[in-house]
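The working numbering puts the first residue of the sequence shown at 105, with every later residue one more than the last. From the three backbone atoms N, C-alpha and C, an ideal C-beta is built for every residue, glycine too. Just so we're clear, the structure is a prediction, and the values are computed from it rather than from any experiment. Input: a single structure, listed below in structure tokens.
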Amino acid sequence: MDIVNKKVEKLQEELESCIKTLIEASAAANITQDIVVGNLVDRKLADLAKTNKLAVDYIEKVTGKDIDVVMAENVALEEEE
């Protein structure tokens, strides 16, 4: 069981690293005003926010909105597409 716990811990660390990379990409896309990349990255962050607090914290900080509001807005946008 110790091996499983170590693998889970390593995967969690890798996930956190990936989320941090997505956050950096989102910030860079906002600076360069790259809407396509920004939308792609932000959608992935929204998906990850369903299960990860780091993604939630970032989204709430950037948008200034509660995560539930952001998620509802994303659903509405997807339905329009």
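key: Check: threonine 136 C-beta below 7 Å from any heavy atom of the ligand PLP   = The ligand PLP is not part of this structure, which contains no ligands at all.
message = Please state whether the Cβ-Cβ distance between alanine 131 and valine 141 is less than 8 Å.
response = no
message = Going residue by residue through the region 139–172, where are the continuous alpha helix (DSSP H) segments of at least 4 residues, counting only ones entirely within it?
response = 139–153, 157–167
ask   = CB-CB under 7 Å to threonine 167, same chain, minus the five flanking residues each way: which ones, in chain order?
value = Val174
query = In three-state DSSP terms, what is glutamine 116?
reply = helix
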